[in-house]
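Peer 1: When we follow our numbering, the leftmost residue of the sequence shown carries the number 7, and every step to the right adds one.
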Amino acid sequence: MEILNSKIFGENLSVTPLLVFHGLFGMLDNWGAFGKDMGEFLPVHLIDLRNHGRSFHSEEMSHDDLAEDILNYMEYYGIAKAHILGHSLGGKAVMQFAIRFPEKVERLIVVDISPKAYPPHHQGIIKALETVDFNTVSSRSEVEAVLNQYIPEKSTIQFLTKNLYWDDNKKLNWRFNLKTLSEKYNEFVSNAIKFGVFDGPTLFVAGAQSNYILPQDQFAIKQQFPKADFVTIKNAGHWVQAENPVDFANVVKDFLHIN
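1. State the DSSP-derived secondary structure class of V21, mapped to helix, strand or coil.
2. Could I get the ranges of all uninterrupted alpha helix (DSSP H) runs contained in the stretch 13-74, with 4 residues as the minimum, in chain order?
3. Kindly indicate the opening and closing residues of the beta strand (DSSP E) around F165.
4. Using 8 Å as the Cβ pair cut-off and three pairs as the minimum, do the stretch 60-68 and the stretch 78-94 touch?
5. On the criterion of 16 or more Cβ atoms from any shown chain inside 10 Å, does N57 qualify as buried, or is it exposed?
6. Here's the rule I'm using: 16 or more other beta-carbon atoms within 10 Å means buried, otherwise exposed. How should H69 be labelled?
7. Check whether the stretch 200-215 touches the stretch 243-258, taking contact to mean three or more Cβ pairs, one atom from each stretch, closer than 8 Å.
8. Is the shortest distance between the beta-carbon of I85 and the beta-carbons of chain D less than 7 Å?
9. Considering Cα atoms alone, identify which of E81, I119, L184 is closest to I131.
10. Alpha carbon to alpha carbon, how far is N36 from Q155? Give it in angstroms, no decimals.
11. If you count every other CB in all the chains shown that lies within 10 Å of the CB of G117, and 16 or more means buried, which is it?
12. Measure the alpha-carbon distance for F201 versus P126 and round it to whole angstroms.
13. I'd like the list of long-range same chain contacts for E6, defined as Cβ closer than 7 Å, with 5 residues on each side in sequence excluded.
14. Are N250 and I239 touching if we call contact CB-CB under 7 Å?
15. How many Å lie between E189 and A226 at the Cα?
16. May I ask which residues mark the beginning and end of the alpha helix (DSSP H) holding A248?
Have a look at this one:
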């Protein structure tokens, strides 16, 4: 059994830990400042999802696979119960986990995603990533130049190129498993999470400039997460924790009662 890669802050604190899961094409490093801050109050596990960061690569990528990875991780570290936070794809993973293993979840935080199926909307990014030929590019700036032809937002290019690394053959490569993420895309984006109910305390955090959680989604969310509260973070789009880190951290601290 393979265990997800993680970085742990505040591991000597003996209170309920917080497990944090990033979004599609992300990695635990995206959450470093948040983890360090929260690690003053409780143990924080920043975790790479399968096929991302330094976690294992697999040909499977369903919401159930991701939920079982979380269960295996908690069992490996002897964590009986945790606060669980997930952003975007990580949010889908933690929702599925909370519904399947409710006894393992103290409080659930879902960041800028709802349980519903989303139409495919990363095709441009996937095409851009697949266009990079690592046999011909030899620097980050050359990779950026390729991505620039397809992706207009500089911030998105910076986010993606954080995944570049030099492999054993002294070639640049992506840390994420682009093949599986491309092939299984519809399985984890264009599918709703399975129906079920998590009856514990739940917080849905939306970015004010994002359209991932719409006001009309709240009714459906309440069917599966009856105790859900909703907070919108101003001056933030989909990458809420990066775009307004102070307000985001305060909202999480309030919900976890650690202010």
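Here a beta-carbon is modelled for each residue, glycine too, at the ideal position from N, C-alpha and C.
Peer 2: For this structure:
1. coil
2. 38-44
3. From DSSP, F165 is part of no beta strand (DSSP E) but of the alpha helix (DSSP H) over 160-167.
4. no
5. Burial call: buried.
6. buried
7. Here the stretch 200-215 lies against the stretch 243-258, with 3 or more beta-carbon pairs under 8 Å apart.
8. You won't find chain D in this structure, because it holds only one protein chain.
9. L184
10. Just so you know, the alpha carbons of Q155 and N36 end up roughly 24 Å apart.
11. As written in the sequence, residue 117 is Val, which differs from the Gly given in the question. By the neighbour-count rule (16 or more Cβ atoms within 10 Å), V117 is buried.
12. 21 Å
13. Here the chain comprises residues numbered 7 to 265, so residue 6 is not present and cannot be evaluated.
14. One thing to note: N250 has its Cβ within 7 Å of the Cβ of I239.
15. The straight-line gap separating the alpha-carbon atoms of E189 and A226 is approximately 28 Å.
16. 246-249
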